[in-house]
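Protein chains in written order, with numbering that gives the first Met the number 0: chain A, 0 to 116; chain B, 0 to 878. C-beta atoms are modelled at their ideal positions from N, C-alpha and C, and glycine is treated no differently. Here the structure comes first, spelled out in structure tokens, and everything after it is commentary.
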Amino acid sequence: MTEKKLDLLQGTLDLMVLQTLAAMGSLHGYGIARRIEQASGDAVLLNQGTIYASLVRLQQRGWISAAWGTSDNNRKAKFYSITKRGRQQLAQDAAYWQRLSSMMGRVLAMQGEGGDR
Amino acid sequence: MDSLRQALARLRAFFRKAPLDRDLDAEMASHLAFAIEENLRRGLSPAEASRQALVRFGGVAQAAEQHRETRGLPALDVFLQDLRYTLRTLRRDRGFASVAVLILALGIGVNIAVFSVVNTILLRPLPFRDPQRLVWMASDRGVGGLSAVTYTVDAYEEFQRHNRSFQDVTAYDPYFGDNDYKLTGHGEPQQVAGVAVAGSFFPLLGIQPALGRPFTPEECQKGARPAVLLGHFFWQRQFAADPAIVGKAILLNDRPVTVVGVLPASFDFGSVFAPGLKMDVYVPAIMDKLRNEGNTLALVGRLKPAVTVAQAQAEVDVLMPQIRAAHKDWFDDYATAMTALKDHVSGKLRRSLVVLWCAVGLILLIVCVNLSNLLLARAAARSKEFALRSALGAGRARIVRQLLTESLVLAGAGALLGLGIALGITGYLARQGSIALPLLSTIRVDGAALGWTLIVALGAAILFGLAPSLKVSGGNLQDALKDAGHGMSAGRKHDRLRAMLVVSEVALACVLLVGAGLLLRSFLRVLDVDLGFQPSRAAAIKIDYNDGGKRERRSVVLQEILHRVSAIPGIQSAGVVDMLPLDRNRSWGLQAKGRTYHWDKEVGAAFVYIVTPGYLGSMGMQLREGRDFNWQDTPTSQPVVIVNQAAARYHWPGQDPLGRIALVNGKDTRVIGIISDVRESSVEEGSGLEMYLPATQADPEGAELVVRSQVPPDALASSLLRTLRAYNPEQPAAEFRPIQSLVDHAVSPRRFFVMLVAIFAGLGLLLASLGIYGVISYSVTRQTQEIGIRMALGATTKRVQLGVIARTMRLVLAGVALGAVTSAVAARWIAALLFKTEPTDPAAFACTVLLLSAVALIAGYIPARRASRIDPMIALRAN
Numbered sequence: 000m001t002e003k004k005l006d007l008l009q010g011t012l013d014l015m016v017l018q019t020l021a022a023m024g025s026l027h028g029y030g031i032a033r034r035i036e037q038a039s040g041d042a043v044l045l046n047q048g049t050i051y052a053s054l055v056r057l058q059q060r061g062w063i064s065a066a067w068g069t070s071d072n073n074r075k076a077k078f079y080s081i082t083k084r085g086r087q088q089l090a091q092d093a094a095y096w097q098r099l100s101s102m103m104g105r106v107l108a109m110q111g112e113g114g115d116r
Numbered sequence: 000m001d002s003l004r005q006a007l008a009r010l011r012a013f014f015r016k017a018p019l020d021r022d023l024d025a026e027m028a029s030h031l032a033f034a035i036e037e038n039l040r041r042g043l044s045p046a047e048a049s050r051q052a053l054v055r056f057g058g059v060a061q062a063a064e065q066h067r068e069t070r071g072l073p074a075l076d077v078f079l080q081d082l083r084y085t086l087r088t089l090r091r092d093r094g095f096a097s098v099a100v101l102i103l104a105l106g107i108g109v110n111i112a113v114f115s116v117v118n119t120i121l122l123r124p125l126p127f128r129d130p131q132r133l134v135w136m137a138s139d140r141g142v143g144g145l146s147a148v149t150y151t152v153d154a155y156e157e158f159q160r161h162n163r164s165f166q167d168v169t170a171y172d173p174y175f176g177d178n179d180y181k182l183t184g185h186g187e188p189q190q191v192a193g194v195a196v197a198g199s200f201f202p203l204l205g206i207q208p209a210l211g212r213p214f215t216p217e218e219c220q221k222g223a224r225p226a227v228l229l230g231h232f233f234w235q236r237q238f239a240a241d242p243a244i245v246g247k248a249i250l251l252n253d254r255p256v257t258v259v260g261v262l263p264a265s266f267d268f269g270s271v272f273a274p275g276l277k278m279d280v281y282v283p284a285i286m287d288k289l290r291n292e293g294n295t296l297a298l299v300g301r302l303k304p305a306v307t308v309a310q311a312q313a314e315v316d317v318l319m320p321q322i323r324a325a326h327k328d329w330f331d332d333y334a335t336a337m338t339a340l341k342d343h344v345s346g347k348l349r350r351s352l353v354v355l356w357c358a359v360g361l362i363l364l365i366v367c368v369n370l371s372n373l374l375l376a377r378a379a380a381r382s383k384e385f386a387l388r389s390a391l392g393a394g395r396a397r398i399v400r401q402l403l404t405e406s407l408v409l410a411g412a413g414a415l416l417g418l419g420i421a422l423g424i425t426g427y428l429a430r431q432g433s434i435a436l437p438l439l440s441t442i443r444v445d446g447a448a449l450g451w452t453l454i455v456a457l458g459a460a461i462l463f464g465l466a467p468s469l470k471v472s473g474g475n476l477q478d479a480l481k482d483a484g485h486g487m488s489a490g491r492k493h494d495r496l497r498a499m500l501v502v503s504e505v506a507l508a509c510v511l512l513v514g515a516g517l518l519l520r521s522f523l524r525v526l527d528v529d530l531g532f533q534p535s536r537a538a539a540i541k542i543d544y545n546d547g548g549k550r551e552r553r554s555v556v557l558q559e560i561l562h563r564v565s566a567i568p569g570i571q572s573a574g575v576v577d578m579l580p581l582d583r584n585r586s587w588g589l590q591a592k593g594r595t596y597h598w599d600k601e602v603g604a605a606f607v608y609i610v611t612p613g614y615l616g617s618m619g620m621q622l623r624e625g626r627d628f629n630w631q632d633t634p635t636s637q638p639v640v641i642v643n644q645a646a647a648r649y650h651w652p653g654q655d656p657l658g659r660i661a662l663v664n665g666k667d668t669r670v671i672g673i674i675s676d677v678r679e680s681s682v683e684e685g686s687g688l689e690m691y692l693p694a695t696q697a698d699p700e701g702a703e704l705v706v707r708s709q710v711p712p713d714a715l716a717s718s719l720l721r722t723l724r725a726y727n728p729e730q731p732a733a734e735f736r737p738i739q740s741l742v743d744h745a746v747s748p749r750r751f752f753v754m755l756v757a758i759f760a761g762l763g764l765l766l767a768s769l770g771i772y773g774v775i776s777y778s779v780t781r782q783t784q785e786i787g788i789r790m791a792l793g794a795t796t797k798r799v800q801l802g803v804i805a806r807t808m809r810l811v812l813a814g815v816a817l818g819a820v821t822s823a824v825a826a827r828w829i830a831a832l833l834f835k836t837e838p839t840d841p842a843a844f845a846c847t848v849l850l851l852s853a854v855a856l857i858a859g860y861i862p863a864r865r866a867s868r869i870d871p872m873i874a875l876r877a878n
């Protein structure tokens, strides 16, 4: 039986999008969605459509910018790229996320030590 | 910062829906195209490639919706949607909408109007610079009237010199008639109302003349070139707002006086210091001329920053005895009571205004209850619609929201219309110059009133909208869908809520009516007060004569004037006085000769009136003992005085003062008459100590000719003025005032409040009866079928009618009982506003109960008659 796909926590999609754009440069919506799926080893339960809510939110906050352009295979698409302020935000959020996850890791590890009481 | 940016972006997006949606559609289409392309490359069939792409995308419509919600302002979208729907349904139901808006407009309108009055008189600061630092100082001597609040020039100057709490102290002469002038050289001679103010008066208040300059210190000195400042309205009326008048001289009392400036339109002396009076011109108070005139100055001080009224009072309590000790010749009962100027101006009105405010609050509550009832009836009729919507997936919150939007729309429309009503009312009030309420002329619907409108409208919308919407949305879906909706007597629970609303409405109206009844009775009692004179068919006009300051000459001149005036057909009697009762007053020293007084608790002063023979009779005053003055009381004969009963009792307790010697300002004077007490300063308060001196033996302050006629005094105005002009061509075109107008002016604040409260009570009664009618009528409609069956089974017309009326009266009696109890509590609270009326006045309560019952009977009878005319055949066939 395959492992159940992960539901996204509130706000994590925004962070993933920012990271993807920071790493890959300019991308269109489908590209971003595919990159996230690939990077997570297809472990994320992502309705690709939900990415558009995230994109408009990030854009309205001024963390990414968008422009219509043409893809490699000559298809018109909207390309997103991260802004300077977006990078600052990403650094902040990533640091926070790492602290959170390492803390969670420590807390969950404690469970094993106290198990034989 | 970023969230602000986001909010702005959302707002922008809200207004650019169409292009953004097109953009999104294109973006999603390209997304799917990319996905299909990749799937094809992986070797899927075209159909499968497209299916897979759509599955991975996860619902195009949902994604677009999610995007839109993130992008724009979904709450506003929903609101606009509700708004459109509401407007559509209200358009369909015009009758309901117009009745609801009209009722709301009345309720909100009177609320804004009364708020504007309260705001103007109580809340808004006085229209001066830093008004919270202005203080009113009353000399607080034992006698009543103006002499009890004023100071001598010496005291004023000592005060200015010694106090440390005030930045400055200024003064004006509150004996307003003293500074009335005759303006000549601009058409007919005109009577001009003036007030003398200290040089520092305008600078201290922070009033800059709109044109020209304030008085210079030189102009306030004796012998200076006379100067005058014009009030704005006088300038507009008399000089057609000609700016060139500044610097020119005008003739006041035949003397050229230079106009040094024009005051701004925002400054209205009367509205603050003399409610109900209009001042035309301002002249400098020449202190050296007033120095020996006794108490002539009313004092206003400006506190230093951070000094409180209480601190200033504490200082003056120490200072005053020291000053008194240093000046043995001063009035030995001088003290000073300080109040913030604002409290002095409007403090006495606080309770009345709060009562007024509460009254309109009650109106608004009644309006809300009425609206709630209307909406409940409407909601019941629409219950199927809501059941259907909820069956289609509308959540409870969504339906409540929809209904609240409806209430908001109604309240908004009502508020707009109400604002119009309020503008009308305030406009009308602002023109009522004769009502002796301070600041009334400055009343307007300002920003604060608009804010209040918003609060009232929102509050009302929630108040009347919440109950019905909760009721509707909380209902059982299945029941609502199954319920045929009419013809059945089911829905008792629904009816109970509506009945409760009617009961509370009646109770509120009852409180209003009892309050209005009590105030009305008080007002009637005030009108019934024995004034000590007969105002009807008596009238007064200010006259001008020249006696050269000599008493002998004055005697001749006044005799001639009175002789000529008495010869006019229709005039019964005539006399001259310097100050009319309820108009102006002053007091002089009065003691019984040979009696020792305890000055710490007794007063040696009385109101003084300088009169000619014939005055007492013309006013309709009652001489109790002794004789009236006659022309044989000459400057050289024995000085004589007439005192009122109060003064007689006070100074000669247990004795008959007739023929005894009184000390009038220290001079031996024989008491020749005793007169009934006259209400000299207020209709509602008792009379003070009064004395009357002949104009041949004492010097009057101005002159009012009082005539008593057989015909209405108005008819005599022109012939009287002709006669006066024939004798003295300079006689100004003064106002011919019926004595009744003095009484009207004195009772005008009470009349104003009673009128408003009575109107509000009437409005409350009307609304309550509408509510009763609505509920009974509605229940009759709902029970048409049931009534039809009962009639088919033999119930008579009378029985059906009685049934409906009994139901009405049950509701009303419950309401009245509740209201009467509440009123009994509320009435005690307004007891201070009542005049010779107990808060438990049985008449007021009985009338209220009768009135409410009668109105309710009518409101219930109309649907009852309709019920009795139901044709059983038709009613039964209807379903």
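Per-residue contacts from A:Thr19 into chain B (C-beta, under 8 Å): By Cβ distance, chain B contributes nothing, its closest Cβ being about 15 Å from A:Thr19, past 8 Å.
To be precise: take each residue of the stretch 16–29 of chain B, compare its Cβ to all Cβ atoms of chain A, and keep it if any distance is under 8 Å. Which residues remain? Asp22, Leu23, Ala25, Glu26, Met27, Ser29
For B:Ile671, is the classification buried or exposed, using 16 other Cβ atoms within 10 angstroms of its Cβ as the cut-off for buried? buried
Is B:Arg430 closer than 8 Å to B:Leu581 when the C-beta atoms are compared? no
For B:Glu504 versus B:Ala853, is the C-beta distance shorter than 8 Å? no
I'd like the span of the alpha helix (DSSP H) that includes B:Val98, first residue to last. 93–117
Just to make sure I have the definition right: I need the residues of chain B whose C-beta is within less than 8 Å of the C-beta of A:Thr49. Which are they? Gly57, Ala62, Gln65
In whole angstroms, what separates the C-alpha of B:Gly108 from that of B:Arg90? 23 Å
Which runs of the beta strand (DSSP E) spanning at least 3 residues fall entirely within the stretch 4–50 of chain A, listed in chain order? none
Out of B:Val196, B:Gly625, B:Leu692, B:Arg83, point me to the one whose CA is closest to B:Pro634's CA. B:Leu692
Taking Cβ to Cβ, would you say B:Ala8 is nearer than 8 Å to B:Leu373? no
Can you pull the chain A residues whose beta carbon is under 8 Å from the beta carbon of B:Arg9, in chain order? Gln59
Take A:Ser80 and list the residues in its own chain whose beta-carbon comes closer than 7 Å to its own, dropping the five residues that flank it on each side. Leu20, Gly24, Ser25, Ile63, Ser64
Beta carbon proximity, A:Val106 to chain B, threshold 8 Å: no
Return helix, strand or coil for B:Arg163, following the three-state DSSP convention. coil
Starting from B:Ala48, find everything on chain A with Cβ-Cβ shorter than 8 Å and list it in chain order. Neighbours of B:Ala48 on chain A: none; closest Cβ ~14 Å, over 8 Å.
Less than 7 Å between C-beta atoms, sequence neighbours within five positions excluded: which residues of the same chain meet that for B:Val59? Met27
Same chain, Cβ closer than 8 Å to A:Leu107, five either side skipped, listed in chain order: none
Would you call the stretch 270–286 of chain B and the stretch 302–309 of chain B in contact, with 3 or more CB pairs under 8 Å? no
For a cutoff of 8 Å on Cβ pairs, would you count A:Val16 as touching chain B? no
Is the stretch 699–719 of chain B in contact with the stretch 562–577 of chain B, if contact means three or more CB pairs nearer than 8 Å? yes
Buried or exposed for B:Trp451, going by 16 or more other Cβ atoms inside 10 Å? buried
Does the CB of B:Gln5 have a neighbour CB from chain A at under 8 Å? yes
Within chain A, partners of B:Thr69 - CB distance below 7 Å: Ala52, Val55, Arg56
Range covered by the beta strand (DSSP E) that runs through B:Thr183: 180–183
In whole angstroms, what is the alpha-carbon distance linking B:Tyr860 and B:Gly763? 20 Å
Status (buried if at least 16 other CB within 10 Å, exposed otherwise) for B:Val753: buried
Taking the C-alpha atoms as reference points, what is the distance between B:Gly569 and B:Arg536? 11 Å
Closest Cα partner of B:Val353 within the set B:Asp328, B:Gln637, B:Val113: B:Val113
Compare the C-beta of B:Ala760 against all C-beta atoms of chain A and say whether one is closer than 8 Å. no
Over the uninterrupted beta strand (DSSP E) stretch that includes B:Trp828, give me the two end residues. Taken as a continuous stretch (DSSP letters only), B:Trp828 belongs to no beta strand (DSSP E), being part of the alpha helix (DSSP H) at 796–828.
Considering just the uninterrupted stretch of the alpha helix (DSSP H) at B:Gly426, what are its terminal residues? 395–429
I'd like to know if A:Ala76 contacts chain B, where contact means its C-beta is closer than 8 Å to some C-beta of that chain. yes
I'd like the span of the alpha helix (DSSP H) that includes B:Lys341, first residue to last. 340–345
Unbroken beta strand (DSSP E) run spanning B:Asn643, endpoints: 639–643
Give the DSSP bridge partners of B:Val706, in chain order. B:Ala538, B:Ala573
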